[in-house]
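S.K.: What follows is a single structure, and I will ask about it in a moment.
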Amino acid sequence: MHRWRLPHTEYTAEPHVFKPREYAEVSRLGGLAEELLADARQAMSNGRHRSALALLTRAREIPGYERAPQVLAAWHELGRSARHVRLRSAWSRPLDAGHLSYGAITAIGVAAGVRLAASGQSDGTVRIWDLDSGACTRVLDDHPGRVGEVALSDDGRHVLCEGTKPLAIIRRRLADGECRRLTPDWDMRRTIMFTGDGRYAWLGGGDGVLRRWDLDDDRCVTTITRNGPVNVISTSADGRLAAVGDSNGVVRLRDLDTGACLRTWTGPGEPILSACLSADGRLAMSTHQVMSSGAEDEPIRLWDAGSGRSVREFAGHEGWVSVVRFTPDARFAFSAGHDRSVRMWEVATGRCLHVLEGHQQRIRHLELTPDLRNLVSAGDDGIRLWELDWELAAD
Numbered sequence: 001m002h003r004w005r006l007p008h009t010e011y012t013a014e015p016h017v018f019k020p021r022e023y024a025e026v027s028r029l030g031g032l033a034e035e036l037l038a039d040a041r042q043a044m045s046n047g048r049h050r051s052a053l054a055l056l057t058r059a060r061e062i063p064g065y066e067r068a069p070q071v072l073a074a075w076h077e078l079g080r081s082a083r084h085v086r087l088r089s090a091w092s093r094p095l096d097a098g099h100l101s102y103g104a105i106t107a108i109g110v111a112a113g114v115r116l117a118a119s120g121q122s123d124g125t126v127r128i129w130d131l132d133s134g135a136c137t138r139v140l141d142d143h144p145g146r147v148g149e150v151a152l153s154d155d156g157r158h159v160l161c162e163g164t165k166p167l168a169i170i171r172r173r174l175a176d177g178e179c180r181r182l183t184p185d186w187d188m189r190r191t192i193m194f195t196g197d198g199r200y201a202w203l204g205g206g207d208g209v210l211r212r213w214d215l216d217d218d219r220c221v222t223t224i225t226r227n228g229p230v231n232v233i234s235t236s237a238d239g240r241l242a243a244v245g246d247s248n249g250v251v252r253l254r255d256l257d258t259g260a261c262l263r264t265w266t267g268p269g270e271p272i273l274s275a276c277l278s279a280d281g282r283l284a285m286s287t288h289q290v291m292s293s294g295a296e297d298e299p300i301r302l303w304d305a306g307s308g309r310s311v312r313e314f315a316g317h318e319g320w321v322s323v324v325r326f327t328p329d330a331r332f333a334f335s336a337g338h339d340r341s342v343r344m345w346e347v348a349t350g351r352c353l354h355v356l357e358g359h360q361q362r363i364r365h366l367e368l369t370p371d372l373r374n375l376v377s378a379g380d381d382g383i384r385l386w387e388l389d390w391e392l393a394a395d
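For the sequence shown, our numbering begins at 1 and goes up steadily by one.
Dropping the structure here:
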């Protein structure tokens with residue numbers, strides 16, 4: 001028996017005894033995997049997704065190739081055009097965000113069109129992450145005070161961040177670091193997000209006004225009033241609808257073209273921690289801050305935008321649920337909170353399908369990549385990058 005020293009990792013697998021294979025057998029299996037992979041890539045290039053799925057499934061069944069990098073890369077590529085049926089498994093690794101103090105990670109954002117993420121920290125730094133390598137590619141460290149919010153444009157060219165001392169909103173161009181300080185004329189800004197084209201941003205704050213800001217001209221072009229103090233904004237995929245959650249425990253469904261309030265959803269009256277609108281604008285989910293004693297485990301609520309009714313509650317977390325996010329097809333949702341776990345839910349039934357564990361302290365932020373390949377979570381113990389391994393179906 002031989003023993004090898006492996007690189008340091010915070011996870012140590014249980015010892016297992018494997019049947020040794022002769023070199024000829026290992027070589028044969030490797031050749032078979034390479035042949036299946038090549039055929040699968042050819043099938044994908046020709047649009048034959050069912051054939052590609054069958055070939056990659058066979059490749060992943062070969063001993064030692066289920067998570068082989070080249071096979072997983074092809075699997076993820078196929079996942080962009082296939083349906084995600086269920087989560088097979090998930091694993092994570094920590095990202096090195098430098099020295100962290102309690103509550104150091106204040107915000108995270110993910111670009112929709114490129115594989116980049118951004119994190120904001122209490123020391124005024126913003127870090128840009130390459131999600132393929134897990135490496136920090138840039139540190140932006142000249143922001144005023146604590147970074148309260150951070151957002152990436154869909155094309156990954158610009159990052160928008162809010163500094164707190166003094167209050168300021170800064171847009172940075174990642175290619176050369178060019179910095180532009182915006183000048184909104186009100187205080188208590190709490191949430192920011194890019195529009196899909198990256199030309200504008202939605203800004204919400206404690207005065208209850210939702211503002212659409214022209215980032216090139218540095219001016220407000222739209223105001224939507226009659227909200228409570230705005231904590232969170234989540235838009236539909238086409239950018240026409242938004243779920244706006246406030247400090248009074250109310251979520252409003254807004255038509256962003258007209259400003260009209262289409263629905264109002266009220267929970268227990270506690271501040272909204274997170275609100276998420278499905279890509280098609282038909283469903284919304286919300287979580288609330290628990291203030292009263294005897295109500296330690298506040299459920300996640302699902303709302304129907306068409307009827308305005310409460311559909312169901314999702315219970316399972318212990319304590320506050322910091323964040324909830326739909327998958328693009330709204331068949332599943334992911335949530336995270338103070339119990340240090342990430343949970344995956346089946347939206348149609350409210351059933352918890354998976355509990356992902358890895359954080360040692362409370363989780364405050366979570367974002368999914370649009371292709372569902374990764375989940376990025378951040379807590380008091382740092383940032384973790386999750387690899388999501390899905391069972392696929394090619395229709």
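For each residue, glycine too, the CB sits at the ideal point set by N, CA and C. This one's a predicted model, so the numbers in the text were calculated from it and none came from an experiment.
(1) What would DSSP say about Leu-53, mapped onto helix, strand or coil?
(2) Under a Cβ-count criterion, where at least 16 other Cβ atoms within 10 Å of its own Cβ denotes burial, should Ser-121 be classed as buried or exposed?
(3) Is Trp-202 helix, strand or coil by DSSP?
(4) Excluding the five sequence neighbours on either side, which residues of its own chain have a C-beta within less than 6 Å of the C-beta of Leu-241, listed in chain order?
(5) Since Leu-276 and Phe-326 should fall inside the 8 Å C-beta cutoff, what is the C-beta to C-beta distance between them, to a whole number of angstroms?
(6) Report yes if the C-beta distance between Leu-160 and Ala-118 is below 7 Å; otherwise report no.
(7) Is Asp-339 buried or exposed, if buried means 16 or more other CB atoms sit within 10 Å of its CB?
(8) Is the beta carbon of Arg-172 sitting closer than 7 Å to the one on Cys-179?
(9) I'd like the list of long-range same chain contacts for Glu-357, defined as Cβ closer than 6 Å, with 5 residues on each side in sequence excluded.
(10) With respect to the beta strand (DSSP E) encompassing Asp-39, which residues constitute its N-terminal and C-terminal limits?
(11) Would you grab the beta carbon distance between Leu-388 and Leu-53 for me? Rounded to a whole angstrom, and I think it's under 8 Å.
(12) Thinking just about the alpha-carbon of each residue, which of Asp-238, His-354, Trp-303 is nearest to the one in His-317?
(13) Which of the three DSSP states, helix, strand or coil, is assigned to Trp-320?
(14) Counting C-beta neighbours from all protein chains within 10 Å, is the total for Val-323 16 or more, i.e. buried, or is it exposed?
(15) Give, in chain order, every unbroken run of the beta strand (DSSP E) that is at least 3 residues long and sits entirely within the stretch 59 to 144.
(16) Any contact of the stretch 121 to 133 with the stretch 80 to 90, i.e. 3+ C-beta pairs under 8 Å?
M.R.: Reading it off the structure:
(1) helix
(2) The amino acid occupying residue 121 in the given sequence is Gln; Ser does not appear at that position. Counting Cβ neighbours within 10 Å, Gln-121 comes out buried, since at least 16 surround it.
(3) strand
(4) Gly-281
(5) Here residue 276 turns out to be Cys, not Leu, going by the sequence shown. Correct: roughly 5 Å between the Cβ atoms.
(6) Not in contact: Leu-160 and Ala-118 (Cβ atoms no closer than 7 Å).
(7) buried
(8) yes
(9) Take Glu-357, set aside five residues on each side of it, and the residues of its chain with a beta-carbon closer than 6 Å to its own are Ser-341, in chain order.
(10) Element bounds for Asp-39: not the beta strand (DSSP E) but the alpha helix (DSSP H), 23 to 45.
(11) Going by Cβ atoms, the distance from Leu-388 to Leu-53 rounds to 17 Å, so no, they are not a contact pair.
(12) His-354
(13) coil
(14) buried
(15) 83 to 95, 105 to 110, 116 to 121, 126 to 130, 136 to 140
(16) no
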